[in-house]
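Here the structure comes first, spelled out in structure tokens, and everything after it is commentary.
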Amino acid sequence: MVRTKEEQKKVFQELLIPELPALFRTALRMTRNREDAEDLVQEAVTKAFAAFDRFEEGTNFRAWIFKILTNTFINNYYRLRDRQKVPSLEEMEEETSFQPSFEGITPEEVLLNTLTREDILRAIESLPLEFRTVVVLVLIEGFSYKETAEILDIPIGTVMSRLHRGRRMLQKLLWEYSMQKTPFEKENEKGWTAKTL
Amino acid sequence: MDCKDLVEKLYFYLDGEVLTEEERKAIEAHLELCRKCCEKYEFERFLWEMVRSNGRNDSIPEALISRIESVIAQF
Chain A
70 MVRTKEEQKK VFQELLIPEL PALFRTALRM TRNREDAEDL VQEAVTKAFA AFDRFEEGTN
130 FRAWIFKILT NTFINNYYRL RDRQKVPSLE EMEEETSFQP SFEGITPEEV LLNTLTREDI
190 LRAIESLPLE FRTVVVLVLI EGFSYKETAE ILDIPIGTVM SRLHRGRRML QKLLWEYSMQ
250 KTPFEKENEK GWTAKTL
Chain B
9 MDCKDLVEKL YFYLDGEVLT EEERKAIEAH LELCRKCCEK YEFERFLWEM VRSNGRNDSI
69 PEALISRIES VIAQF
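Chains as they are written, first to last, in the working numbering: chain A, 70 to 266; chain B, 9 to 83.
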């Protein structure tokens, strides 16, 4: 169906507006900076509209626009200075998970009582980009492994391994933040063991 | 299903990734019976829900929505 430009804009806007909050928060996790996040969203929207005649109506607009967002970020914002060292496999295999071995208190309670939203965002934003993008797309935005593979143009097996490692890194960071806030005396008194798996 | 199988499949289950009906039922049956795996499952579920809900909690600036609308108007 041939549309006028005005009709095209209307359809685009109707599809785009509900996705803007998710695009913005994803841009924020990637750029780690509000100003850059806003510019990134605007740039991705401009590119998306320019390519909108190639979007097949009825297919997954959300995945399509996220792909444009992540590509725009990698091409234009992710400069050499931002590249982080990816932890080695040895570092990754360090003890990273939580052991439910607290007396009279669950690890859920420890985390719930000590971690703030800022801690969680800081942990996510500390992940190296290739892990951070998979963690954000799957765990926060709810994309399937297959959709994430398509968005990032990587094999599904790579999505799964990055997600697994990303989860382990996040757990480790959150546990560290939580333990930094737990007064030592309290640990003794409660008999907590900050043991990890 | 034993504890080792459960650990292998737990994230697929938590992430809502395609499992067969048979696998899903086997996981649920194991969780009913095994306290250790059930604790692990509850903990993982809690942890990732905490990450998800906090990670989704940014509100988009009104100014950005207006900026995007005016960008679209100029296309």
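Every residue gets a Cβ at the ideal spot worked out from N, C-alpha and C, and that includes glycine. Small disclaimer: the values here were computed from a predicted structure and weren't measured.
Host alpha helix (DSSP H) of residue i (start-end)
i: Tyr246(A); result: 225-250
i: Pro197(A); result: First-last for Pro197(A): undefined, no H or E at that position.
i: Ser78(B); result: 70-82
i: Val114(A); result: 103-119
i: Phe54(B); result: 43-63
i: Glu219(A); result: 214-221
i: Leu14(B); result: 11-22
i: Arg98(A); result: 89-100
i: Thr75(A); result: Per the sequence shown, residue 75(A) should be read as Glu rather than Thr. Segment 74-85, the alpha helix (DSSP H) holding Glu75(A).
i: Gly135(A); result: For clarity, residue 135(A) is Phe in the given sequence; the question names Gly instead. Per DSSP, Phe135(A) belongs to the alpha helix (DSSP H) from 130-141.
Same chain, Cβ closer than 6 Å to residue i, neighbours up to 5 away in sequence not counted
i: Thr136(A); result: The sequence as given places Lys at residue 136(A); Thr does not occur at that position. Excluding residues within five positions, the ones whose Cβ falls inside 6 Å are Ile220.
i: Asp188(A); result: Tyr246
i: Tyr21(B); result: Ile35
i: Leu97(A); result: Ala106
i: Phe212(A); result: Leu206
i: Glu299(A); result: Absent from the structure is residue 299(A), since the part of chain A shown begins at 70 and ends at 266.
Min CB distance residue i to chain B below 9 Å
i: Phe81(A); result: yes
i: Gln240(A); result: yes
i: Glu177(A); result: yes
i: Phe130(A); result: no
i: Lys136(A); result: no
i: Pro224(A); result: no
i: Ile220(A); result: no
i: Ser213(A); result: yes
i: Lys78(A); result: yes
i: Lys250(A); result: no
i: Phe93(A); result: yes
i: Pro87(A); result: no
i: Glu162(A); result: The predicted model places Glu162(A) with a pLDDT of 49, which falls under 50 and marks its position as unreliable; any figure quoted below should be read in that light. It does not: the Cβ of Glu162(A) has no partner Cβ on chain B nearer than 9 Å.
Same chain, Cβ closer than 7 Å to residue i, neighbours up to 5 away in sequence not counted
i: Asn62(B); result: none
i: Ala218(A); result: Pro224, Ile225, Val228
i: Val26(B); result: none
i: Lys250(A); result: Thr183
Contacting residues, own chain, Cβ-Cβ under 8 Å from residue i (five flanking each side not counted)
i: Leu1(B); result: Residue numbering for chain B in the displayed model covers 9 to 83; residue 1(B) lies beyond these limits and cannot be assessed.
i: Thr100(A); result: Ala106, Leu109, Phe142, Tyr146
i: Phe93(A); result: Ala106, Glu107, Val110
i: Lys116(A); result: Ile137, Thr141
i: Leu243(A); result: Leu180, Leu184, Asp188, Ile189, Ala192
Minimum Cβ-Cβ distance from residue i to chain A less than 9 Å
i: Asp10(B); result: no
i: Ser67(B); result: yes
i: Ile80(B); result: yes
i: Arg75(B); result: yes
i: Leu72(B); result: yes
Listed in chain order, which residues of the segment 102-126 of chain A have Cβ atoms closer than 7 Å to some Cβ of chain B?
-> Within the segment 102-126 of chain A, the residues whose Cβ lies closer than 7 Å to some Cβ of chain B are Glu107, Val110, Gln111, Val114, Thr115, Phe118, listed in chain order.
Would you say the segment 235-251 of chain A touches the segment 118-128 of chain A, given that touching needs at least three Cβ pairs under 8 Å?
-> no
Does the pairing of the segment 81-92 of chain A with the segment 130-147 of chain A give three or more beta-carbon distances under 8 Å?
-> yes
At a Cβ cut of 9 Å, what residues of the segment 192-206 of chain A count as close to chain B, listed as they run along the chain?
-> Ala192, Ile193, Val204, Val205
Could you please tell me which residues of the segment 13-29 of chain B, in chain order, have their CB closer than 9 Å to any CB of chain A?
-> Tyr19, Phe20, Asp23, Gly24, Glu25, Val26
Counting Cβ pairs, one atom from each stretch, are 3 or more of them under 8 Å apart for the segment 72-79 of chain A and the segment 97-109 of chain A?
-> no
Contact set between the segment 42-65 of chain B and chain A, restricted to residues whose Cβ is under 8 Å from the partner = Glu47, Lys48, Glu50, Phe51, Phe54, Leu55, Trp56, Met58, Val59, Arg60, Asn62, Gly63, Arg64, Asn65
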